[in-house]
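Structure record follows, encoded as structure tokens.
There are 2 protein chains.
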Amino acid sequence: MDAPLDTAESWLAARGEKLTELRREVLSLLLASHGPVKAYDLLAALQKQRPGASPPTVYRTLDFLVAAGIVHRIDSLQAFVVCPSFHDAHHGVLLVCERCHGVEEIDNPPWMETLRSALATGGFAMSRHELEIKGLCRNCQEIAA
Amino acid sequence: MDAPLDTAESWLAARGEKLTELRREVLSLLLASHGPVKAYDLLAALQKQRPGASPPTVYRTLDFLVAAGIVHRIDSLQAFVVCPSFHDAHHGVLLVCERCHGVEEIDNPPWMETLRSALATGGFAMSRHELEIKGLCRNCQEIAA
DNA sequence: GTGAAGATGTAATGTTATTACATTAAGGGC
DNA sequence: GCCCTTAATGTAATAACATTACATCTTCAC
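Note that the protein sequences, when read in sequence, are chains A and B.
If you're matching positions, the first sequence starts at 17 in our numbering and goes up one per residue.
If you're matching positions, the second sequence starts at 17 in our numbering and goes up one per residue.
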């Protein structure tokens, strides 16, 4: 049993999409990393099991997984991370540590609606996509102190 | 009189730094664009008046201006924009339109402290840098509707 | 005027991402 | 089953974004 992959498969099936062998391999590699992965690092890993893999191979697959909400792209790191809770529509917030580059995701925080409506008052419609916030994680704050 | 450039010059002087001719040219080009500019577009513009300009020329200058708080880098666009209010320390929020790629900056919104303290409770120290939020600007919402 | 630090010039290269087109696989109607 | 359409992947080339390393020039304190 591989729970996350099975969850992804059902999630995609509900959208009328498939978790193909390639997508499964890419998602497995992302899951194995426990953190953000750069596209070309992912490509290098993928090539070990799929020698013909090339940039379009990974970028297409990542685009698909991102569009499906299974993976997020971290703009500030130019990297990709598996969403820990893609079981339902959610407004995830990605807390990106500027020191260790770790990413923590919090799901539907209580202040999200406040923020959204404050921005809406100003005429800006916040995206349903992820919100990325930079800072220092707990561990790195202690090190820096 | 060129107010924004003079303001930048004083701002830098207060930090013990200088607005050199190169920096002034780059900042002028950024100001003239009224929106985010990509580094290589800036380079192309700069080369018209400074033929020897190369990637390090623009990236070094942009790094300097970003460090000084005069310019922000928009991670989601991989572009750079002049900060409209670099007169004091501020926690700017950059509202990035996903459709037209325009950027609006709001300065120290009232909800910022709430957000910061909510994240601090969770152990995350939000950066003093800019917060970037993606969505649709007023104009693009109307077009989409 | 000389030495240190800052700023810029220059060449090369590294990293991230896309385009364009060919080929193969999967599913529906008959 | 066969044909057709669409989705998925393969493959080659290139575009777009950014950095390294080192040379040269400028500034300014002394």
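Even glycine gets a Cβ: it sits at the ideal position worked out from N, Cα and C.
{"Check": "According to DSSP, residues forming a beta bridge with I86/B", "Outcome": "Answer by DSSP bridge pairing: none, since I86/B is not bridged."}
{"Check": "Closer than 9 Å at the beta carbon, the chain A residues around P71/B", "Outcome": "Ordered by position in chain A, no residue passes the 9 Å Cβ test against P71/B, which lies about 17 Å from the chain."}
{"Check": "Segment contact flag, the stretch 134 to 153 of chain B with the stretch 109 to 117 of chain B, C-beta cutoff 8 Å, min 3 pairs", "Outcome": "yes"}
{"Check": "Residue-chain proximity (R154/A, chain B), Cβ-Cβ < 8 Å", "Outcome": "yes"}
{"Check": "F140/A - DSSP class collapsed to helix/strand/coil", "Outcome": "coil"}
{"Check": "Local conformation of D91/A per DSSP, three classes", "Outcome": "coil"}
{"Check": "Beta carbon proximity, D123/B to chain A, threshold 8 Å", "Outcome": "no"}
{"Check": "Classification of G32/A by the beta-carbon crowding that lies within 10 angstroms, buried from 16 upward", "Outcome": "exposed"}
{"Check": "Contact with chain B by W127/A, beta-carbon distance below 8 Å", "Outcome": "yes"}
{"Check": "Contact set for Q63/B: own chain, Cβ-Cβ below 8 Å, skip 5 residues either direction", "Outcome": "A69"}
{"Check": "Cα-Cα separation between K54/B and E121/B, rounded to whole angstroms", "Outcome": "18 Å"}
{"Check": "For L35/A and A24/A, believed in contact at Cβ under 8 Å, the rounded distance", "Outcome": "6 Å"}
{"Check": "Bounding residues of the alpha helix (DSSP H) (the contiguous stretch that carries E158/B)", "Outcome": "154 to 160"}
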